[in-house]
Amino acid sequence: MYQTKYHRASSVDEAVSLFAKGSEAKFLAGGQTLLPVMKQRLASPSDVIDLGKIKELQGVELSGDTLTIKAATTYYDIMTNADVKKAIPAIAHLTSVLGDPAVRYRGTIGGSIANNDPAADFPAALLALGATVKTNKRSIAAQDFFQGLFSTALEDGEIITAVSFPVPAKAGYEKMRHPASRFALTGVFVAQTKSGEVRVAATGASQSGVMRVPAIEAALKANWSPSAIDSVSISANGLLADIHGTAEYRANLVKVMAQRAVAAAS
Amino acid sequence: MGVEGIGARVVRKEDKRFITGKGRYVDDIKLLGMTHAHFVRSPHAHAKVKGIDSSAALKMPGVVAVLTGQQIVDDKVGNLICGWAITSKDGSPMKMGAWPAMAPETVRFVGQAVAVVIADSKNLARDAAEAVVVDYEELPAVADMQAAIKSGAPQLHPEASGNQVYDWVIGDEGATDAAFAKAANVVKLDVTNNRLAPNAMEPRAAIADYDAAEEHFTLYTTSQNPHVARLVLSAFYNIAPEHKLRVIAPDVGGGFGSKIFIYPEEMVALWASKKIGRPVKWTGDRTEAFLTDAHGRDHVTHAELAFDANNKITGLKVKTYANFGAYMSLFSSSVPTYLYATLLSGQYNIPAIHAEVIGVYTNTTPVDAYRGAGRPEASYLIERLMETAARQLKVDPAQLRRTNFITQFPHQTPVIMAYDTGDFNASLDAAMKAIDYAGFPARKAKAKSDGKLRGIGVSCYIEACGIAPSKAVGSLGAGVGLWESAEVRVNPVGTIEILTGSHSHGQGHETTFCQLVAERLGVPISQVSIVHGDTDKVQFGMGTYGSRSAAVGLTAILKAMEKMESKAKKIAAHALEASEADIVIENGEFKVTGTDKAIALPMVALAAYTAHNLPDGMEPGLKESAFYDPTNFTFPAGTYICELEVDPGTGKTSFVNFVAADDFGRLINPMIVEGQVHGGLVQGIGQALLEHAIYDASGQPVTASFMDYAMPRADDVPSFNLSHTTTLCPGNPLGIKGCGEAGAIGASAAVINAITDAIGKNNLEMPATPDRVWRTIHAA
C-alpha cells in the first residue's frame, strides 16, 4: 500500500468537504474492494474518507410499501434486519450468500453499488426491484444508475446515502458462486411487482455488467413459474467468458438460476 | 499403552502457542539494524535483460542498496542445483539449464528476480523497487508443454535442445509389448494431471544476519529441512562453510513440499547481508508465493492397460510428459521418475510395465515436489485406468480391482518397488462396508427421481514413503542420503530433550515424538521436549517430507532411546545392587523385577551426572544419539470411496459421503493421523474439483491470486468417514508406514471416478469445475 491520509467523516457534509480538499480522494465504505486494490498498489488515493461511521448512513426503514436501506449498512445488518426479512426476504437471502462472514461484517450496500463490479450481487436486486438510489444530490433510478463495468451515474464526490426498494409481490435470488472469489459466477434476481410487472436481472453474466433479461421477463409475465422458462433460449453473445465459466455456461446459468429464483421466490 | 503413550489421542502440545497467536515464525523475528528486501521481478515470461538503471531508486528515502543478477554472478555465488541426477534412455545425463539466483541476462518465467532493493523498511524497499528501470527485450515464450516440444518452439536453454530435460524409461519394453500382443482387451486413456500452486498458509520468508567479526552467517528461513539447506548453501552456492553458517527454521506454517527447496531469495538475502553489513529480511507476499513457490504435478499422459480373457492385467504402457517449468528445482528430476513411475503397479499384480517420461522446459514457474510428489500422479493414472477398464469390460469396478490385487507379500513389482506387506482386500472391504456399496444402486435411483445424477467412485491407492535406503537411492542418482538422526538428552533432574533431524511444520512432532518417550519410560509428556529446526542444536538431519518423520525420524529416536535406557539400567542396577537383566522400566521408575526395589528416573539421571557412584569405568552423563537408515520404503495403502451428486443444471458436485480406509501400520496418535488424512483428502479434492494454476499462451499466469485460484474451503468438502486396517510395517521396529500424504494421493481419483460415474461419460479432466462438468454432460 502507498502512503495515504485517512479521515473518518462524521457527517455526509464533512465527507463532501474532505473529498473536495484531497487531490485524489476516495470514499471508503466497507473497504472490501478498495482496500485490497490499495494493498496491491493498484490504487493510490491521496486521501481516504471513511463513510462507515456516519450515523445518517446507517440503518433500515420500512415505510408503507418502501424499504429503505441506508448506504453504509453492512450486509450482516441487512441480512439480520427484521424489516428486510419481512418486506423483501430475497434481499436478506442475497446478503446471506454474499461473500463470506468477514465480507458480510464489513461490506456495505452503498459500497457494492458504487463499485458496480460486474459480478456483485446487489446490482441485480436493485435493477430487478426497480430501486431508487438516493445520493446527497439527487435520486437516480436503478436502470439509469448502472452504466457498465465498474461504471455508474455517480459524479465525482457524490455520495450514495440510501437505496429505496418498492416492496414487491414476490422476489427471489439465486446464484452460482464463483469457486475462488465467491462473487456471483452468475446470479439472477426475479421480481414481480404488486401491479403484476415482472423484472429479471442477471449479474456476473454480461460483458457490460448487470443486465435485464427480457426473454425471461416475458415468459414469467405470461406464467410465473419455473417451467415457463423451460423453452427460453439465452444467447451466449456478449456474455463473459473466463477460466471459471464459458459464455455458453453463463447463458445456461442465467436460465437455471432464474428458474430456481422463481421457485424460491416469496 | 499409557494415557500418553503410543496409540493415545493426546492433544497437541504445540497448539497452545499456535492457537493463541504465540507461534514464532520467521517474519516475527526482528533483529537490530535489520533491513528489508524487495525483489524486482520480471513481468515477462521470456526476455533478455538489456540493462538495469538503479540510479533513481538509489536516491529514494531509506534505500541501502540495489543489487543485480550480474553482481551475484560476479561474486561467484553458485547457480541453483538439482539434487537428483537422471539419465535418459540414450545414456545421456539430464539437460540442466543454468539458474542464477537473480537473472543477469535472461528471464524465463514471470516473477523471476532480476534485482533486489534493500531498504530500511519493507514499504520503502517496495517504493524504490518500482523506480528500478529494467530494459527488457521480450522473447517469444512457450507455456504449454505440447507446444514447447514442437519444432520451431521458443527455446529456453542452450543446454537443452527441443526444451527436453530428459527422456527416461523404466521397465521391460519387450515383455510389455509381448503382453499387449496377446491381450484379450486393451484399455486406453489420456489423462492430464493439473498444475497446482502449493499455497502454504505462511508465505516463504528469510532473515540473513552476517557477523563480520566471526565471518559467520545466521539464516532464519521457512524450511522443511534446515540441515539440507545449510549443506546446499555451503557445498554448492559458496555462501559459507558449514561451521560458519547456522540455519534456523523456527515455527513454519505449512510446507507441503514447497519449503524443501533452497530458493533464490534466501541465497540473495545471505549474500546481501554480507555486502551491506546489516541483517536482511525478506517476507514473500501471496502474489510472490503464486509466482515463485515451486508448483506441483502438471503431467500429460497416455496410458494403456492390457487384460487377458479373465480380466487379469497382463501389461501396462505409459508415456508421460512432465512440465518442469523454466528451471530444474532442487528435487524436480526425481518427482516424475523415481517417485512416480515406480508406483505405477498400484495395488495390482502387473507382470509387465513400461513407462517413458519426457521432461519439458516451459516459460512457467519451476515445478517440484508437492504433497505426494509423483505418487498422486501415479495413483490417479492407475485408478482412472482401472475405472475406465471396469466400464469398458462391463464389470464392477471394485470386483475388477479385487481380481487383480496383490495378495502375497513381499511382492516385487516390475518397476523397482518391493512391497513389504499389506492387505488390500481388507481396506477395500472396510470402505465398501462403510459406504454401503451394495445399497448404492437404490440410492442412485432415488437421486435420479429427485433430478440429481449420483455417482460412486473407488480409488485403491498405494504410495511409497520414508524414501530409503540411502544406498539404494544413491544408486538411482540421489545426491543425499535418506536416513535420520536423533539424540536423547536426559537432564540431571530427569527431564528429557529429544533432538531430531526431522522438522515439524504442522505435523505435530512435539506431541507424537514425546508419546514414544512416554510409552517407553512411563513419564508424562510434559517432562519431554522436542528440539528441531536449528543446525546449531541438532547435528544433522534430512528434514521432513515424503511422510518420513515417524517411519524414519521416530525410529532414530527409538534407537537412541534404547541406548540411553541400556546405560540407565546399568546405573540403576548398580544403585539397587541388582543385576542389570532384572531391571524393568515402569511409570518413570527403574524397578528390580519381582521386588519392590526401585529408583526413580530423576535419581538415575542425577547419579549419571554427579558421577559419585557409577559402575566402574562408566562415563558420566546420560545422552545418546543414533542414526537410522531404513532397509526399504514403507508402503501405506488404502481404499477411498466417494459418493456424490451432480446437479445437471449447473454441473455442480455435492458430496454425499466420503469414506477412507487406510493402512498406515501402527498409529502413534490417531487424532493427529486423522488430521493428516483430513488435510490430505481436502488437497486431493481441491485438485479434483477446484485448483488449477493456469498460464496463457504467452506465459502470463492467469491464477496468481485467491480471486482466481480456487482453494478448497470447509463448505467445499464433506465430513469424512475414516477408518483404519492395519498391517504392521516390517521394515521398522515400530511398524509405522506414514500418513502425511495418503489423502492427497488417493482422493482425486475417487472424486473423478464418482463424477464420471454420475454423468455417464468417462472423459473428464481435473479440475472438474461446474462449467467443465456441465459441458461434458451436454457434449454431443
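As given, the protein sequences belong to chains A and B, one line each in that order.
The opening position of the first sequence corresponds to residue 1 in the numbering used here, with each subsequent residue numbered one higher.
The opening position of the second sequence corresponds to residue 1001 in the numbering used here, with each subsequent residue numbered one higher.
Glycine included, every Cβ here is placed at the ideal spot set by N, Cα and C.
Any beta carbon from chain A within less than 8 Å of residue i's own beta carbon?
i: residue 1774 of chain B; result: yes
Against residue i, what residues of chain A qualify as contacts under a CB-to-CB distance less than 9 Å, listed in chain order?
i: residue 1702 of chain B; result: 242, 243
i: residue 1690 of chain B; result: 179, 180
i: residue 1710 of chain B; result: 178, 179, 180, 181, 244
Considering only the alpha carbon of each residue, which of the options lies closest to residue i?
i: residue 1369 of chain B; options: B/1135, B/1329, B/1562; result: B/1329
i: residue 1173 of chain B; options: B/1588, B/1668, B/1317; result: B/1317
i: residue 1633 of chain B; options: B/1416, B/1360, B/1263; result: B/1416
i: residue 1510 of chain B; options: B/1520, B/1528, B/1519; result: B/1528
i: residue 1440 of chain B; options: B/1409, B/1462, B/1398, B/1465; result: B/1398
i: residue 1700 of chain B; options: B/1008, B/1495, B/1044; result: B/1044
i: residue 1135 of chain B; options: B/1208, B/1054, B/1091; result: B/1054
i: residue 1480 of chain B; options: B/1354, B/1606, B/1235; result: B/1235
i: residue 16 of chain A; options: A/37, A/49, A/30; result: A/49
i: residue 1339 of chain B; options: B/1476, B/1435, B/1727, B/1592; result: B/1476
i: residue 143 of chain A; options: A/250, A/203, A/126; result: A/126
i: residue 1651 of chain B; options: B/1314, B/1468, B/1758, B/1659; result: B/1758
i: residue 149 of chain A; options: A/98, A/107, A/137, A/211; result: A/211
i: residue 1100 of chain B; options: B/1138, B/1214, B/1082; result: B/1082
i: residue 1144 of chain B; options: B/1154, B/1138, B/1628; result: B/1154
i: residue 1660 of chain B; options: B/1645, B/1729, B/1685, B/1646; result: B/1685
i: residue 1253 of chain B; options: B/1763, B/1132, B/1198, B/1287; result: B/1198
i: residue 1230 of chain B; options: B/1131, B/1267, B/1255; result: B/1267
i: residue 112 of chain A; options: A/231, A/64, A/238, A/27; result: A/27
i: residue 1005 of chain B; options: B/1432, B/1618, B/1642, B/1515; result: B/1515
i: residue 1587 of chain B; options: B/1580, B/1577, B/1598; result: B/1598
Determine the chain B residues that contact residue i at a beta-carbon separation under 8 Å, and present them in chain order.
i: residue 176 of chain A; result: 1650, 1652, 1770
i: residue 256 of chain A; result: 1649, 1650
Report the neighbours of residue i on chain B: residues whose CB is nearer than 7 Å to its CB, in chain order.
i: residue 181 of chain A; result: 1707
Apart from the five residues on each side of it in sequence, which residues of its chain come closer than 7 Å, Cβ to Cβ, to residue i?
i: residue 1621 of chain B; result: 1608, 1609
i: residue 261 of chain A; result: 172, 173, 174, 188, 189, 190
i: residue 76 of chain A; result: 104, 105
i: residue 93 of chain A; result: 173
Starting from residue i, find everything on chain B with Cβ-Cβ shorter than 9 Å and list it in chain order.
i: residue 4 of chain A; result: Correct list: empty, because the minimum Cβ distance to chain B is about 12 Å.
Hey, is residue i's beta-carbon within less than 8 Å of any beta-carbon in chain B?
i: residue 253 of chain A; result: yes
i: residue 246 of chain A; result: yes
i: residue 262 of chain A; result: no
i: residue 173 of chain A; result: no
i: residue 249 of chain A; result: yes
Can the beta-carbon of residue i be found less than 8 Å from the beta-carbon of residue j?
i: residue 1513 of chain B; j: residue 1557 of chain B; result: yes
i: residue 1069 of chain B; j: residue 1114 of chain B; result: yes
i: residue 71 of chain A; j: residue 162 of chain A; result: yes
i: residue 1300 of chain B; j: residue 1164 of chain B; result: no
i: residue 1478 of chain B; j: residue 1168 of chain B; result: no
i: residue 1324 of chain B; j: residue 1185 of chain B; result: no
i: residue 1289 of chain B; j: residue 1116 of chain B; result: no
i: residue 1336 of chain B; j: residue 1080 of chain B; result: no
i: residue 1636 of chain B; j: residue 1742 of chain B; result: yes
i: residue 34 of chain A; j: residue 167 of chain A; result: no
i: residue 1755 of chain B; j: residue 1744 of chain B; result: no
i: residue 1524 of chain B; j: residue 1007 of chain B; result: no
Once you ignore the five residues that flank residue i on each side, which residues in its own chain have a CB closer than 6 Å to its CB?
i: residue 1383 of chain B; result: 1459, 1749
i: residue 1724 of chain B; result: 1662
i: residue 1538 of chain B; result: 1499, 1501
Give the interface partners of residue i over in chain A, defined as CB-CB distance under 7 Å, in chain order.
i: residue 1694 of chain B; result: 243
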